[in-house]
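FYI, in our numbering the residues of the sequence shown are 6 to 111.
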Amino acid sequence: MREASLWWVIAGGMIATYAGRLSFIALIPAERLPGWLRKALRFVPPAVLSALVAPELLRPFGPLDISLENTRLLAGLIASVIAWRLRNTWATLAAGLLAYVILAGR
6 MREASLWWVI AGGMIATYAG RLSFIALIPA ERLPGWLRKA LRFVPPAVLS ALVAPELLRP
66 FGPLDISLEN TRLLAGLIAS VIAWRLRNTW ATLAAGLLAY VILAGR
């Protein structure tokens with residue numbers, strides 16, 4: 006495949022993905038969605054975030070690691086407590102990063 010063709014394929018994929026996601030926002034007003042669906046859609050962002058973060062905390066190097074030597078898991082637990090108590094995104098990020106740096110000894 007030529008380089009120009011590859012870029013057209015990438016651009017087409019980007020447009021198709023964006024159009025598919027935009028269609029739910031632009032074509033269907035939120036008022037027309039059933040209440041149960043609107044309620045369920047509120048859980049999508051936390052579910053996606055959990056799906057991205059959990060493997061990095063629980064399986065940092067492949068196999069499941071829930072030991073005290075898993076610095077990522079310990080830093081994640083500390084960040085979770087900060088998030089629960091303070092409900093502040095920046096404080097959570099800072100606490101998690103600081104905890105990881107201290108625990109990893111860097």
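Beta carbons: idealized from backbone N, C-alpha and C, even for Gly.
Status (buried if at least 16 other CB within 10 Å, exposed otherwise) for residue i
i	result
Thr22	exposed
Asn75	buried
Leu54	exposed
Ala56	exposed
Ile87	buried
Ala9	exposed
Residue i versus residue j - alpha carbon distance
i	j	result
Ala16	Pro50	26 Å
Phe48	Gly18	27 Å
Phe29	Ala109	43 Å
Arg64	Ala84	18 Å
Thr97	Trp12	39 Å
Glu61	Trp89	20 Å
Arg7	Ile20	20 Å
Leu32	Pro68	44 Å
Backbone secondary structure at residue i - three-state DSSP
i	result
Ser72	coil
Met19	helix
Arg26	helix
Pro65	coil
Ile33	coil
Gly40	helix
Arg151	Lying before the first or after the last residue shown, residue 151 is absent from the chain, which here runs from 6 to 111.
Gly101	helix
Gly81	helix
Arg90	helix
Inter-residue CB distance, residue i and residue j (contact presumed, cutoff 8 Å)
i	j	result
Ala35	Arg43	6 Å
ask   = Using 8 Å as the threshold, is the segment 104 to 111 in touch with the segment 79 to 93, meaning 3 or more CB pairs across them?
value = At 8 Å Cβ cutoff, the stretches touch.
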